[in-house]
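Here the working numbering is used: the first residue of the sequence shown is 148, the next is one more, and so on. Cβ atoms here follow ideal geometry from the backbone N, Cα and C, with glycine treated the same way.
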Amino acid sequence: MRSVLTMLGIVIGIASVIILMSIGQSAQDLIVGQVQGIGSNLIFVIPGGSNNGKFSSPASAQGIVITTLQQTDVDSLSREPSISAVLPEVRGQAEVVYGDNDVTETYQGENANFFAVRDFEMAQGYAFTQTDVESFNHVAVIGSDLATTLFGANIDPVGKMIRVKNTQFRVVGVLVKKGTGPLGVNQDDLVLVPLSVAQNQLLGITYFNDLTIEANSQYNIDFVQTRISSILQQNHGITDPNKDDFTIETQASILSILGTITSVLTLFLAAIASISLIVGGIGIMNIMLVSVTERTREIGLRKAVGATERDILQQFLIESIFLTLLGGIIGILFGLVVVSLVYVVATTFSSVGWVFAFPLSAVFLSLFVSTAAGLAFGIYPARQAARKNPIDALRYE
Numbered sequence: 148m149r150s151v152l153t154m155l156g157i158v159i160g161i162a163s164v165i166i167l168m169s170i171g172q173s174a175q176d177l178i179v180g181q182v183q184g185i186g187s188n189l190i191f192v193i194p195g196g197s198n199n200g201k202f203s204s205p206a207s208a209q210g211i212v213i214t215t216l217q218q219t220d221v222d223s224l225s226r227e228p229s230i231s232a233v234l235p236e237v238r239g240q241a242e243v244v245y246g247d248n249d250v251t252e253t254y255q256g257e258n259a260n261f262f263a264v265r266d267f268e269m270a271q272g273y274a275f276t277q278t279d280v281e282s283f284n285h286v287a288v289i290g291s292d293l294a295t296t297l298f299g300a301n302i303d304p305v306g307k308m309i310r311v312k313n314t315q316f317r318v319v320g321v322l323v324k325k326g327t328g329p330l331g332v333n334q335d336d337l338v339l340v341p342l343s344v345a346q347n348q349l350l351g352i353t354y355f356n357d358l359t360i361e362a363n364s365q366y367n368i369d370f371v372q373t374r375i376s377s378i379l380q381q382n383h384g385i386t387d388p389n390k391d392d393f394t395i396e397t398q399a400s401i402l403s404i405l406g407t408i409t410s411v412l413t414l415f416l417a418a419i420a421s422i423s424l425i426v427g428g429i430g431i432m433n434i435m436l437v438s439v440t441e442r443t444r445e446i447g448l449r450k451a452v453g454a455t456e457r458d459i460l461q462q463f464l465i466e467s468i469f470l471t472l473l474g475g476i477i478g479i480l481f482g483l484v485v486v487s488l489v490y491v492v493a494t495t496f497s498s499v500g501w502v503f504a505f506p507l508s509a510v511f512l513s514l515f516v517s518t519a520a521g522l523a524f525g526i527y528p529a530r531q532a533a534r535k536n537p538i539d540a541l542r543y544e
């Protein structure tokens, strides 16, 4: 029983490492899948320069209003042969109201080709057209979750009037459920309205919050990125690339940033969980020291009949490694059960497309660490046992 309780520290430590590494890998796979789902040929232009070539968050996220992206930029980029489509976007937050139901959500102003470029499909109704954008029509397309929140399960949202920032809009379509999108945006709670209406009436601005650009498939994505940079620099009168007032991000750069962040967080959490392995190892050393004391006469008897110090050392080292290795195996199995439960709960009770991940690297690492812990923390007790004088050991009571 004492050995089982001592081994519990190793079990908890190994299980913690397995769980955190698996969940971290699942989160990374989920994020990568979401970013890849927006299209590999999309390029994003964000107002505000980068920080020494490093990623800089959107100006709005820093509480700074930067008005560098204008209609002239959209017109210039649209004439570039290597670009298939340019989507200027504006966004804000406002109270969305229908009857007695209201909720504060993000609204976006988009052009009609947004739906095709970003692969947004309609579950009900239709997407607003370019005529709606040019005519300043007050129409809206809403996400599936928002439709349920405002209208419930029994009311058809299409044709109903909602109020966004005290402005009436007629719902013309409901999006197919898409779940959480890139950078944690819930795509099922969006309100999409014509760009002209959002820009001029809801926000009262002449600039854009960002540009989404679809590269022509016949051109290399790096070439398109270079052309975008050249066009914007020319429009903004910039001769020094280090003074760019815009940041260009591709899918590859976003994936690299997100992958680095999730990897660092996973390793950090796993390192914290590994502290329990040290505690468990100390417990193993403690129980082995007690075992050496209790088995002093056994050690003396073995030495009296010919056992060498090497034999005694091996005996206690094997016992120590066995305890930690067995604890490691149990910890791996326990971690697998917990990771499986997390997957079942996440996929059953959440719209997040959680990905099951159980990296073999975590298994091998856990087995190696548990064996190494048994060896490291078992050496001292084993040496203590091997060095005992056989005569004194036989006399020990």
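| query | result |
| --- | --- |
| CB of G256 within 8 Å of CB of F393, strictly | no |
| Backbone secondary structure at P304 - three-state DSSP | coil |
| Straight-line gap, I159 to S508 (C-alpha atoms, nearest Å) | 18 Å |
| Rounded separation between Q365 and S229 - CA only | 8 Å |
| Proximity winner among R374, E466, I157, L322, relative to D266 (alpha-carbon distances) | L322 |
| Rounded C-alpha distance that separates I526 from F503 | 39 Å |
| Nearest-angstrom Cα separation, counted from L339 out to V237 | 10 Å |
| Coil, strand or helix - L358 by DSSP | strand |
| A270 versus G320 - alpha carbon distance | 7 Å |
| Which listed residue (F355, V344, Q531, K390) has its alpha carbon closest to that of D458 | Q531 |
| Distance between I170 and T253 (C-alpha atoms, nearest Å) | 29 Å |
| Cβ-Cβ distance between I161 and G474 below 8 Å | yes |
| Any beta strand (DSSP E) of 3 or more consecutive residues that is wholly inside the stretch 201 to 284 | 230 to 245, 248 to 257, 269 to 272 |
| Candidates L216, G239, E281: closest to N258 by CA position | E281 |
| Outcome for Y273 when other beta-carbon atoms lying within 10 angstroms are tallied against a minimum of 16 | exposed |
| Among L436, K324, I479, E227, the one whose alpha carbon lies nearest that of A550 | Lying outside 148 to 544, the shown extent of the chain, residue 550 is not represented and no answer is given. |
| DSSP state of I190 mapped onto helix, strand, coil | strand |
| Coil, strand or helix - R317 by DSSP | strand |
| Chain-order list of residues whose beta-carbon lies under 6 Å from that of G200 (same chain, five-residue window excluded) | Bear in mind that a pLDDT of 45 at G200, under 50, signals an unreliable position, so the model cannot answer this. |
| F393 - partner residues in DSSP beta bridges | P194 |
| Buried or exposed (CB count within 10 angstroms, at least 16 for buried), P304 | buried |
| Alpha carbon of F524 to alpha carbon of G428, nearest angstrom | 6 Å |
| Spatial neighbours of S150 in its chain, beta-carbon cut-off 8 Å, leaving aside the 5 residues before and after | I434, L470 |
| Sequence-distant residues of the same chain with beta carbon closer than 8 Å to T518, five excluded per side | I468, T471, L472, G475 |
| Which of helix, strand or coil DSSP assigns to A504 | coil |
| For E242, the nearest candidate out of L234, P235, T251 (CA to CA) | T251 |
| Local conformation of N363 per DSSP, three classes | coil |
| Same chain, Cβ closer than 6 Å to K324, neighbours up to 5 away in sequence not counted | S291, D335 |
| Proximity of G192 and I395 at Cβ, strictly below 8 Å | At residue 192 the sequence reads Val, which differs from the Gly that was named. In contact: V192 and I395 (Cβ atoms closer than 8 Å). |
| Proximity to E466 [Cα-Cα], best of V485, T455, V439, R449 | V439 |
| C-alpha gap between A345 and S487, whole angstroms | 44 Å |
| Y354 and Q240 closer than 8 Å at C-beta | no |
| Alpha-carbon spacing of T359 relative to K312, whole angstroms | 25 Å |
| For W501 and M154, the rounded distance between their alpha carbons | 32 Å |
| Top-ranked residue by Cα proximity to L234, from T314, D247, S343, G306 | S343 |
| Residues that DSSP places opposite I309 in a beta bridge | F316 |
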